[in-house]
């Protein structure tokens, strides 16, 4: 009555339906696990503004900022048996001089540091050297969830990326703040980012904003020579 092709289509349709239902059930289990991320310390420790070429491919000299920072945060509650890895990054943000009324962006945002934290089941995907990767796997051997994952204690961290601006000027910029962000990447389900409001057992990231600070001015060559003399 049915050809081999029709029977294969029916079997494949049934398989995909079952797989979709199982995947939906797995993804929904994340809602049952509380998420209570928090930040203890997030502050700049050293801020410099330099004039030069921030990247090797830059065509001209411009002002760019180098911000070192310290961070203490507990993001361990974001790791469940369905968590593949956690993407964490810190941004520097400051208001635009023109404001939203002039057609420009109301604020500026630039990533200065990021990191990927893998779960024990995804350690083989970590972009680490062989020795560091071997130690990482050994520390999480036999664990589906490692309680120490996501606990960050960073002191005077040098940024991965410098801050620039299309205008080429960032010196003496006021009301700059650092903000911590995260992105949870599950094995099955949707990507989730920082929450603006509490959602059932998922809580917002507390204290993820530093105090306001001002980027310093650039030291002039004449002043530097006088100081040296």
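In our numbering, the protein residues as written are -3 to 225.
No residue lacks a Cβ here, since even glycine has one placed at the ideal position from N, Cα and C.
Nearest residue (CA-CA) to residue i, options the options
i	options	result
residue 52	24, 157, 9, 31	157
residue 61	42, 2, 23	42
residue 162	191, 189, 28, 104	104
residue 212	169, 179, 206, 198	169
residue 160	4, -1, 23, 49	49
residue 108	194, 175, 3, 1	175
residue 70	45, 79, 54, 33	33
residue 111	14, 45, 180, 134	180
residue 209	44, 197, -2	44
residue 136	119, 54, 1	119
Residues that residue i bridges to, as DSSP identifies them
i	result
residue 31	198
residue 61	45, 159
residue 147	70
residue 133	The partner list for residue 133 (beta bridge, DSSP) is empty, contrary to what the question assumes.
residue 181	81
residue 89	105, 173
residue 111	84
residue 210	DSSP output for residue 210 lists no bridge partner at all.
residue 153	65
residue 38	67
residue 205	175
residue 13	For residue 13, which the question treats as bridged, DSSP gives no partner whatsoever.
residue 188	180
Cβ distance (whole Å) where residue i is taken to contact residue j below 8 Å
i	j	result
residue 30	residue 73	6 Å
residue 59	residue 146	Actually they do not touch by this definition, with Cβ atoms about 35 Å apart.
residue 84	residue 201	Going by Cβ atoms, the distance from residue 84 to residue 201 rounds to 11 Å, so no, they are not a contact pair.
residue 47	residue 214	6 Å
residue 87	residue 177	6 Å
residue 106	residue 92	With a Cβ gap of about 13 Å, residue 106 and residue 92 do not count as contacting.
Beta-carbon spacing of residue i, residue j below 9 Å
i	j	result
residue 190	residue 204	yes
residue 173	residue 206	yes
residue 81	residue 121	yes
residue 90	residue 26	no
residue 7	residue 78	no
Touch test, the region 128 to 136 against the region 9 to 19, Cβ-Cβ under 8 Å, three pairs minimum: no
The region 105 to 116 contacting the region 138 to 145, beta-carbon criterion three pairs below 8 Å: yes
Given 8 Å, three or more beta-carbon pairs between the region 31 to 41 and the region 55 to 71: yes
Meets three-Cβ-pair contact criterion under 8 Å: the region 182 to 189 and the region 144 to 157: no
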